[in-house]
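*Asks:* The listed protein sequences correspond, in order, to chains D and R.
Under the working numbering, think of the first position of the first sequence as 16, with each following residue one higher.
Under the working numbering, think of the first position of the second sequence as 819, with each following residue one higher.
Where is the CB? At the ideal position from N, CA and C, for every residue including glycine.
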Amino acid sequence: MTVALNPRTRGPRRALLSFVAIILALGALVIGARTWGTGQLTPKLGLDLEGGTEMVLEPVLSDSSVTVNQGQLDQARDIIQQRVNANGVAEATVTTQGGRNIVVSIPGQPTAEQLQAIRKPSQLRFRAVLEAAAGRLTPTSTPTATGTATGTSSGTPSVTTTTPAPAFTPAPGNTLTGSPALVPPALRADTTTPAPTATASSTSTGSGTATPTATPTSASDLAWVTPALQAEYTAVDCTKFQTSELVDDPAKPLITCSDDLNEKYLLGPVEVDGTDISSAVAGYRQQNGQTTNIVVVNLNFTSDGAKKFGAVTTRLYGLQGNLNRFAIVLDRKVISAPTTNAAILTGQAEISGNFTIESARSLAKQLQFGALPMSFSLQTENDISPTLGSEQLKLGLLAGLIGLLLVVGYSLVQYRLLGLVTVVSLVAAALLTYLTLTWLGWAANFRLTLAGVTGVIVSIGVTADSFIVYFERIRDEVREGRTLAAAVEAGWARARRTIIAADLVNLLAAVVLYILAASNVRGFAFTLGVTTLIDLLIVFLFTHPIMGILAHTTFFGGGHPWSGLSPDRLGAKTTRYVGAGRFVDAGAKA
Amino acid sequence: MNIAQFGNDLYTGKRSIDFIGRQKTWYSISALLLALATLGIVWHGLNFGIEFEGGSEYRISNAVTTDYEAKAKAAVSGAGIDGLVESSVVGDSVRVQTVAAGEKNEGVKTALAKAFGVDVTKVSASLIGPSWGASVSAKALQGLIAFLVLVGLFMAVYFRTWKMAVAGLVALAHDMVITVGIYALADFEITPASMIGFLTILGYSLYDTVVVFDKVRENTADAFGSRRMSYAAAANLAVNQTLVRSINTTVVALLPILAILVVGISKIGPGTLVDLSLALFVGIAVGAYSSIFVATPLLVWLRRNEPAVADLAKHARRVEATAAKTAAAAPAEAPVDQLLPNDELRSVAGVGPVGRPLHKYASTGPRNQPKRPPRSRR
Chain D
16 MTVALNPRTR GPRRALLSFV AIILALGALV IGARTWGTGQ LTPKLGLDLE GGTEMVLEPV
76 LSDSSVTVNQ GQLDQARDII QQRVNANGVA EATVTTQGGR NIVVSIPGQP TAEQLQAIRK
136 PSQLRFRAVL EAAAGRLTPT STPTATGTAT GTSSGTPSVT TTTPAPAFTP APGNTLTGSP
196 ALVPPALRAD TTTPAPTATA SSTSTGSGTA TPTATPTSAS DLAWVTPALQ AEYTAVDCTK
256 FQTSELVDDP AKPLITCSDD LNEKYLLGPV EVDGTDISSA VAGYRQQNGQ TTNIVVVNLN
316 FTSDGAKKFG AVTTRLYGLQ GNLNRFAIVL DRKVISAPTT NAAILTGQAE ISGNFTIESA
376 RSLAKQLQFG ALPMSFSLQT ENDISPTLGS EQLKLGLLAG LIGLLLVVGY SLVQYRLLGL
436 VTVVSLVAAA LLTYLTLTWL GWAANFRLTL AGVTGVIVSI GVTADSFIVY FERIRDEVRE
496 GRTLAAAVEA GWARARRTII AADLVNLLAA VVLYILAASN VRGFAFTLGV TTLIDLLIVF
556 LFTHPIMGIL AHTTFFGGGH PWSGLSPDRL GAKTTRYVGA GRFVDAGAKA
Chain R
819 MNIAQFGNDL YTGKRSIDFI GRQKTWYSIS ALLLALATLG IVWHGLNFGI EFEGGSEYRI
879 SNAVTTDYEA KAKAAVSGAG IDGLVESSVV GDSVRVQTVA AGEKNEGVKT ALAKAFGVDV
939 TKVSASLIGP SWGASVSAKA LQGLIAFLVL VGLFMAVYFR TWKMAVAGLV ALAHDMVITV
999 GIYALADFEI TPASMIGFLT ILGYSLYDTV VVFDKVRENT ADAFGSRRMS YAAAANLAVN
1059 QTLVRSINTT VVALLPILAI LVVGISKIGP GTLVDLSLAL FVGIAVGAYS SIFVATPLLV
1119 WLRRNEPAVA DLAKHARRVE ATAAKTAAAA PAEAPVDQLL PNDELRSVAG VGPVGRPLHK
1179 YASTGPRNQP KRPPRSRR
């Protein structure tokens, strides 16, 4: 490296070193992720390259005049995510997109039933608890029909479960201010089984006293529990509870589980709907104007809802044990089943328990969401066979290779050996892109799709463009009569501005596209944006330093005819000032 | 290389294409193209893909493609789907489009797999709801507006004159209309992917325009400094000087896209890849044209009545007249080229030297420092 010893190339060499350092750091990250994490050495592939199914769903509110806002969209995504998990679909990802859609990507080929289950409408409903028990069957004995949950004197069940959920154990004996409380064991449920086996349904009002009769007189009437239903309920083991094809009939009882699978329930018919909720907010309880550190969820009902809720709580307040509890069922899963501490007629309830502020917020969000029941309209469903996927990947790579070769060929013809700088820079850019995408695959779960591959290929052109802008600038300066070393610096100062401006415009386009684009073309915008940034990095830390070093070689600096920067060929000014008051005439020199 | 020589001549002004002066010609060409495009869009209409109406598309890999149309029809109707069935062959895979299959999706897949003698895992299906296209278009429109506003602001700030932003945006609109017109006339299918392609064109078209405008700004700043060249002449020189660069960047941008197009059309068939790259290909080509022939002349036209610009033009004319007089007065002097090698002092049209004659050394070199011969030679 005799060149490297030239003190005038110290700056460029430093820049090159930092570039190498970046490459090495990224490489180390990727290899580290592979060795100690779940990373891999190739970018993660999208479904259209790997095979799989992608659904784009749009949440639709039952009231079509209201559009879905971001918070509701996030909530909807969580719901879909839960369903996906509940359906045992491995490695599926659920993301929101463009402030409007939810994209579900499922590797492999899920069944039509699984897909159906994922996009059914969501419902939040309130049902009175008829029976509750530990969600797991003890293998030695079948649990009794009344369940193992025992009501305490305060009406709060202590749920005996195999996996206790200490965070959600209820805080018994709440003292209340203005609004009475529903005190929950706050169990969240994940999977469901409704049991459409109930007998004749009677609409229920008033406060029943739970005297078993042939026809249920209220929603809490144990007459709902027919022997068949009882048998079904007894047999339920929440750990084996994988359902999706169930009918959720509001007029009939429902058997379901909580999401931590710790408790199973037999619930009465629906008495209050999610649409009866006007708001739900998590916060700290206000007592005598003071903020306490007790985390609660405040629930407000509409005037209609307040009436219904008041009727139910009046009835439940008089009941004991599990019958005192009022379950909140989201999507056929019990998210909370608080006990009733008072008859709440004002339409303002408070759910307290052993909440953390996060768990309270999560519950409040779910309740809030319940006020706006959503269904999901299927926008697109793409189901790519693995054969087609690998074929597309192969062809995409082929197209990229051809494109690269064409660009390399063109720049060699146009810029002679200077074109080699383009080639090396493009290779460096490719390496950096590969490492970045691989790393993003691990760190941000980025998946390279066919559209993404297109973005990368298109970016070959953008990257090469910035070299051309730079080279042409240098040529301009050489034509002005500068020596190559001076031309490289002067050209850089001007080209830099142009390159930054042009790349910024590109980046802007990519960001706008990324934010707004729908579905699969998002990958295109993403890779386009990433490669634009990489282009900037390459030009600054690689191409420019290389030029700085090459300008001091005899081949380029001396203006060899094949260097692509020969002053003669560029028709440079015939007379050059070479310092110390001397001038050189190109003709005389030749 | 010839193109390098061409570039040299364009740079020095030895050869010059009068982009600004003949703007009426370019405008008429553009107007004609725009009229054709509009006509195409209005009369011929756009060919929207199934994404906009909703439907199902199946793709059978490694299929035996003989007699594919009859097979596809039979299989689809056998699975209980009525209506139009379109099928085509790309490479060794068959593409079948039907009305939205909905619940019968699995049945169609199985039937097609059976008909073409492949395993069901080799059949890909995509189902598109009827509102998908509309929602994508709405998004695209939003994106378009957001992008235009942002870029307009960016350019106005970067170039410090809103007229450059306006000229750039007009060129952009020009590109969009012509691209969409080409789509209409050539009957290319418009899909959500090609809409995204259209949006990306915006970025590219502006990329080119930014490169040209950057040079225009630089040259015109020089012109305002030296007051020897009118704004139009300086802008024209800028376009000439960046012409080779524009050609090169456009070719280089188009080459990889061409590769995708060729591979995509011959092997993969219609889909995201082809739609995106086709839109990009057409758009980048049109964008290169507009940044040279539309954006810059328009910019000059927009600024022509600014006092500073008009003043500069007047001054430059006077300087030119003086120079012509001087040249006429001393015709026996050395040839103009040797006397005044500084090409930047020459007017673009190649009329001849302007300003007062300088010693030849005075006007060369990186900076015009030594106005006197070196001490040793004095």
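For Asp-264(D) versus Arg-140(D), is the C-beta spacing smaller than 7 angstroms?
*Replies:* no
*Asks:* For Thr-165(D), does the count of other Cβ atoms within 10 angstroms reach 16, so buried, or fall short, so exposed?
*Replies:* Interpretation of Thr-165(D) is limited by its pLDDT of 34, a score under 50 that renders its predicted location unreliable; no figure is taken from the coordinates.
*Asks:* Report yes if the CB atom of Gly-320(D) is closer than 7 angstroms to the CB atom of Asp-291(D), and no otherwise.
*Replies:* yes
*Asks:* Could you have a look at Glu-924(R) and say whether DSSP puts it in helix, strand or coil?
*Replies:* helix
*Asks:* Rounded to the nearest angstrom, how far is the Cβ of Ala-964(R) from that of Met-973(R), given a contact under 8 angstroms?
*Replies:* In fact, because the Cβ distance is near 15 angstroms, the residues do not count as touching under 8 angstroms.
*Asks:* Beta-carbon of Pro-1125(R) versus every beta-carbon of chain D: anything under 7 angstroms?
*Replies:* no
*Asks:* Which residue marks the beginning of the alpha helix (DSSP H) containing Ala-1004(R), and which one marks its end?
*Replies:* 980 to 1004 is the extent of the alpha helix (DSSP H) around Ala-1004(R).
*Asks:* Return yes when the Cβ of Ile-399(D) is within less than 7 angstroms of the Cβ of Ser-911(R), no when it is not.
*Replies:* no
*Asks:* When you compare the CB positions of Val-310(D) and Ala-379(D), do they come within less than 7 angstroms of one another, or not?
*Replies:* no
*Asks:* Residues of chain D with CB closer than 8 angstroms to the CB of Arg-1063(R), please, in chain order.
*Replies:* Ile-483, Val-484, Glu-487
*Asks:* Taking Thr-328(D) as the reference, give the member of Thr-355(D), Val-312(D), Gly-476(D), Gly-496(D) with the closest Cα.
*Replies:* Thr-355(D)
*Asks:* Report yes or no: do three or more beta-carbon pairs, one from the region 425 to 434 of chain D and one from the region 563 to 581 of chain D, lie closer than 8 angstroms?
*Replies:* With the cut-off at 8 angstroms, the region 425 to 434 of chain D and the region 563 to 581 of chain D touch.
*Asks:* What in chain R is Cβ-close to Gln-13(D), meaning under 7 angstroms?
*Replies:* Since the first residue shown for chain D is 16 and the last is 605, residue 13(D) is missing from the structure and cannot be characterised.
*Asks:* Relative to chain D, which residues along the region 914 to 938 of chain R have a C-beta separation below 9 angstroms, given in chain order?
*Replies:* Of all residues in the region 914 to 938 of chain R, Gly-920, Glu-921, Asn-923, Glu-924, Lys-927, Val-936, Asp-937, Val-938 have a Cβ within less than 9 angstroms of some Cβ in chain D.
*Asks:* I'd like to know if Leu-966(R) contacts chain D, where contact means its C-beta is closer than 7 angstroms to some C-beta of that chain.
*Replies:* no
*Asks:* Between Ala-501(D), Thr-558(D), Glu-495(D), Val-554(D), which has its C-alpha nearest Arg-23(D)'s C-alpha?
*Replies:* Ala-501(D)
*Asks:* Please work out which residues of its chain come closer than 6 angstroms, Cβ to Cβ, to Leu-88(D), disregarding the five sequence neighbours upstream and downstream, and give them in chain order.
*Replies:* Thr-111
*Asks:* With a threshold of 7 angstroms between beta-carbons, can Arg-1196(R) be considered close to chain D, or not?
*Replies:* no
*Asks:* Of the residues Leu-382(D), Leu-420(D), Gln-245(D), which one's Cα is nearest the Cα of Pro-1074(R)?
*Replies:* Leu-420(D)
*Asks:* If you draw a straight line from the C-alpha of Asn-313(D) to the C-alpha of Asp-93(D), how long is it?
*Replies:* 22 angstroms
*Asks:* With H, G and I counted as helix, E and B as strand and the rest as coil, what does DSSP make of Lys-1132(R)?
*Replies:* helix
*Asks:* Taking Cβ positions only, does Pro-948(R) come closer than 7 angstroms to chain D?
*Replies:* Not closer than 7 angstroms to any Cβ of chain D, the Cβ of Pro-948(R) fails to qualify, so no.
*Asks:* Across the region 500 to 514 of chain D and the region 447 to 466 of chain D, are there enough close Cβ pairs to call them in contact, namely three or more that are closer than 8 angstroms?
*Replies:* no
*Asks:* Answer yes or no: does any C-beta atom of chain R fall closer than 7 angstroms to that of Ile-417(D)?
*Replies:* yes
*Asks:* Comparing the C-beta of Thr-513(D) with each C-beta of chain R, is any distance below 7 angstroms?
*Replies:* yes
*Asks:* Take the Cβ of Trp-454(D) as the centre, count every other Cβ of all protein chains shown within 10 Å, and call the residue buried at 16 or more, exposed below.
*Replies:* buried
*Asks:* If you scan the region 66 to 130 of chain D from start to end, which runs of the alpha helix (DSSP H) of 4 or more residues do you find wholly inside it?
*Replies:* 85 to 101
*Asks:* Tell me whether Phe-1031(R) is buried or exposed, calling it buried when 16 or more other Cβ atoms sit within 10 Å of its Cβ.
*Replies:* Burial call: buried.
*Asks:* Select from Ile-1102(R), Gly-867(R), Leu-1117(R) the residue whose C-alpha is nearest the C-alpha of Thr-997(R).
*Replies:* Ile-1102(R)
*Asks:* Within the continuous beta strand (DSSP E) that includes Ser-905(R), where are the two ends?
*Replies:* 904 to 908
*Asks:* Spatial neighbours of Thr-843(R) within its chain, please: CB distance less than 6 angstroms, with the 5 preceding and 5 following residues excluded, ordered by chain position.
*Replies:* none
*Asks:* Is the CB-CB distance between Ser-905(R) and Tyr-886(R) below 7 angstroms?
*Replies:* yes
*Asks:* Let me know the secondary structure DSSP gives Gln-345(D) once reduced to three states.
*Replies:* According to the sequence displayed, residue 345(D) carries Leu and not Gln. Note: Leu-345(D) maps to strand in three-state DSSP.
*Asks:* Output the boundary residues of the beta strand (DSSP E) element that contains Gln-363(D).
*Replies:* 363 to 367
*Asks:* By a C-beta neighbour count over all protein chains shown, 10 Å radius and 16 as the cutoff for buried, is Glu-495(D) buried or exposed?
*Replies:* By the 10 Å Cβ count, Glu-495(D) comes out buried.
*Asks:* How is Phe-555(D) classed by DSSP in three states: helix, strand or coil?
*Replies:* helix
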